[in-house]
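The numbering used here numbers the first residue of the sequence shown as -3 and each following residue consecutively. Below is one structure, written out as structure tokens; the observations come after it.
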Amino acid sequence: MDDFSRTLQDSRDDSERDYQGEGRRQLAMPLDDDRQEELVLPTPRPAPARSPARPVERPAGEPALPTGRELTLSDFNPPEVSAGERLIRLAYRFGVPGHTLASPFKKPLRPRLLATVESPLPGDRVAGMALRAGHFLVNGVKAPLAQVDCSPVAKLTPPFERTVHGFTWLRDLSTSGTVGQCAPTAQRVLAQWVEANPSARGGPRGIKGGAWKVENAGLRLLGWLVHAPLLLSADKGQRNAFLDTVSETARWLDRHVARADDRQGEVTGWCAIVAAGLLLPDGQPRRLYGEAGLVRALGELVGDDGGVLSRSPLAQMEAIAALVDLNACYAAVRRDPPRALGTMLGLLVPPLLALTHADGTLGNWQGAGAVSAKRIEALVRASGVRARPLRDARQWGYQRVAVSGTGRGTGHKAVLQVDTSPPPLARHARSGCASTLAFEFSHGDYRLVTNCGGAGLAGGQVPMRIEQGLRATAAHSTLVLGDANSTAVLINGKLGTGVGTVEVDRRTIELERGGGATRIEASHDGYASRFGLVHRRILILRDDASELRGEDLLVPSGRGGKRGKVPYAIRFHLGPQVAVKLADNGRSASLALPDGSFWQFLTGAEKLEVEESLWVDGEGRAHPVEQLVIQGLVSRGGGNFGWLLKRMG
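The structure is reproduced here in structure tokens:
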């Protein structure tokens, strides 16, 4: 043990000398594979008092990353139209009926559909087959159709509310068979919903609840229009009643779209309005009005790098899906969509791909589960966008490092994802998580380190009572100080005060003994006001994917050091297929993967522990996993904790 301690100290001294020219201490460089016996890590010790956190130094010419909470919003203008069309749009906005503007000397036409839409985006066939068998299947939970309360004030969990009132099940049903096979089920559920919502035909007045949230109404109308063949009954009376309901819902959205809960819901509402303008008679005024509103709302929802304000991968997927369906509506009537919509799809796809691992599955960020590679691939294919993952989603707040690895995993790659941004503002948050400086790391088909995820899928197999726990800092692979969240986690998916500024530095470095690595250093001030400490994390991933080296530092945020100690815990939630065994010395652990590869986790801390955890997959199912935890007490004067994850064979 004494020799090991001396080796650690020698490594610290060498590291400080190597990086003296950069004006600051940095992590010791990874060693070559043939010197495994000399794996070295910094030993934990109280850090001396330091000056307040300052911007991280960068190589000359490298642009600075954003440090504030606000994203820089894209500036989109409404599509160019003629003077006459501008007048029509303005008149419709102020309430002049569409038929009066489109055909002022003719009687209003009865509602009918002008075209049949073919969406390129498939649904979940298993969920569709369950519907045909008489059950909703939502996030792994079956519910008999006859027992689901479809009234507007029904107390449904968020996933069921979206499915029942947003009619998102229509996509799944359409994937499960032919129109003739699926139409009876679709019409049965529609009749059940309309019976529970009689106001849908005459227009809801003063009615509240999930059925008449703008986002659910927009999803419902867009689903009705895209999958109309499933809902158009052979009975003329029922068919006309359905078309009247469609027309009334479109008029309701015209008046209420601006009252959406957030920008995401508003964009969904505008997509439905434009679709109705394309597919219903006398729709030109509504289409002109909707296109202007949609482009404006998209500009306020999406940042310059294509990430949505909620920072949620699930919300990103929903925005892409809505635009894919809307483009299908344009194609159905043989009209070109505004150029801004194609530009927006091109912006939205690369950031989503940035949060995929080497096997194509989605990372567990901001409430998302590990959505399957098949679903991501289908969504990207339907969008028509061919793009690579965005390496540095600066505005969205994620960093991605993908390097060539060794082993039998699909793609033979290792992927590191890091959250390097403050959480979303409360007004934008959807299942907002206090995940700043957390990371996920995968090699080939397997995740070694992950986050719990799944808060956005709670209400199915994941109980709602643990939703807030899944959004906590402790549910992410990062440092927790004083058993507190780095940003306050509130109800209804919202967030409070906490992290306000994040400083980030990313660079490529050369190793002493050959080879290269990517180094990411970031810090946040989420604990500064409560404990007077800034959390700084350094991650170094070798280009051959053989080693991920990290260090977590706690730096005093003020000039004078404070007395006392604070409990800390650094958590590493392990993937569902990782078998972990703690070493006898209590400072290392071995991690075995199903492909036969073997990894070692080392720390210079006094004690390493294994605790229970859970991980949520893309279907909303929770899986028991384990986590490695480094914990103890740290001086308010600061401290640092090094660790190493190395592939052994």
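All C-beta atoms in this analysis are idealised placements derived from N, C-alpha and C, irrespective of residue type, glycine included.
Close Cβ partners of residue i (< 8 Å) along its chain, the five nearest in sequence each way excluded
| i | result |
| --- | --- |
| residue 58 | At residue 58 the pLDDT is 37, less than 50, meaning the model places this residue with poor confidence and gives no usable figure here. |
| residue 93 | 104 |
| residue 218 | 264, 267, 268, 271, 318, 321, 322 |
| residue 255 | 210 |
| residue 430 | 419, 467, 468, 469, 472, 481, 482, 483, 484, 485, 491, 494, 495, 522 |
| residue 261 | 209, 210, 211, 214 |
Reduced DSSP category for residue i - H, G, I as helix; E, B as strand; rest coil
| i | result |
| --- | --- |
| residue 1 | Caution applies to residue 1, whose pLDDT of 42 falls short of 50 and renders its modelled position unreliable; the model cannot decide the point. |
| residue 388 | strand |
| residue 446 | strand |
| residue 472 | coil |
| residue 376 | helix |
| residue 636 | strand |
| residue 250 | helix |
| residue 171 | helix |
| residue 381 | coil |
| residue 132 | strand |
| residue 96 | helix |
| residue 232 | helix |
| residue 525 | helix |
| residue 396 | strand |
| residue 188 | helix |
| residue 101 | coil |
| residue 155 | helix |
| residue 138 | strand |
| residue 299 | strand |
| residue 28 | Because the pLDDT at residue 28 is just 34, under 50, the model does not fix this residue reliably, and the value given afterwards should be weighed accordingly. Residue 28: coil per DSSP, three-state reduction. |
| residue 81 | helix |
| residue 604 | strand |
| residue 576 | strand |
| residue 438 | strand |
| residue 320 | helix |
| residue 181 | helix |
Residues near residue i by beta carbon distance below 6 Å, same chain, minus five either side
| i | result |
| --- | --- |
| residue 455 | 153, 154, 155 |
| residue 642 | 543, 596 |
| residue 422 | 490, 491 |
| residue 320 | 117, 378, 379 |
| residue 644 | 594, 596 |
| residue 634 | 43, 550, 551, 552 |
| residue 530 | 49, 519, 521, 524, 551, 553 |
| residue 627 | 565 |
Residues sharing a beta bridge with residue i, DSSP
| i | result |
| --- | --- |
| residue 564 | 477, 628 |
| residue 596 | 586, 642 |
| residue 86 | DSSP, once it has assigned bridges, lists no residue as partnering residue 86. |
| residue 163 | In DSSP, residue 163 forms no bridge with anything. |
| residue 513 | 505, 538 |
| residue 424 | Residue 424 is not bridged to any residue. |
| residue 545 | 536, 640 |
| residue 611 | 619 |
| residue 415 | 394 |
| residue 552 | 529 |
| residue 518 | 500, 533 |
Cβ-Cβ distance between residue i and residue j below 8 Å
| i | j | result |
| --- | --- | --- |
| residue 400 | residue 436 | no |
| residue 632 | residue 528 | yes |
| residue 396 | residue 376 | no |
| residue 290 | residue 266 | yes |
| residue 518 | residue 500 | yes |
| residue 172 | residue 130 | no |
| residue 306 | residue 484 | no |
| residue 520 | residue 482 | yes |
| residue 547 | residue 447 | no |
| residue 285 | residue 85 | yes |
| residue 565 | residue 625 | yes |
| residue 392 | residue 346 | no |
| residue 332 | residue 282 | no |
| residue 350 | residue 386 | yes |
| residue 91 | residue 616 | no |
CB-CB length for residue i against residue j, believed under 8 Å
| i | j | result |
| --- | --- | --- |
| residue 220 | residue 132 | Contact doesn't hold; Cβ gap of about 18 Å is too wide. |
| residue 656 | residue 324 | The question about residue 656 has no answer, for the chain in this structure spans -3 to 645. |
| residue 650 | residue 418 | The structure shown does not extend to residue 650, since the chain is modelled only from -3 through 645, so no value can be given for it. |
| residue 570 | residue 584 | Actually they do not touch by this definition, with Cβ atoms about 14 Å apart. |
| residue 144 | residue 160 | 6 Å |
Contacting residues, own chain, Cβ-Cβ under 7 Å from residue i (five flanking each side not counted)
| i | result |
| --- | --- |
| residue 677 | Past the boundaries of the shown model lies residue 677; the chain is included only from -3 to 645, so the question cannot be answered. |
| residue 630 | 550, 561, 562, 564 |
| residue 428 | 362, 419, 420, 467, 489, 490, 491 |
Distance cut-off 7 Å: residue i Cβ against heavy atoms of the ligand MG
| i | result |
| --- | --- |
| residue 230 | In terms of ligand content, the structure shown is empty, and the ligand MG therefore cannot be addressed. |
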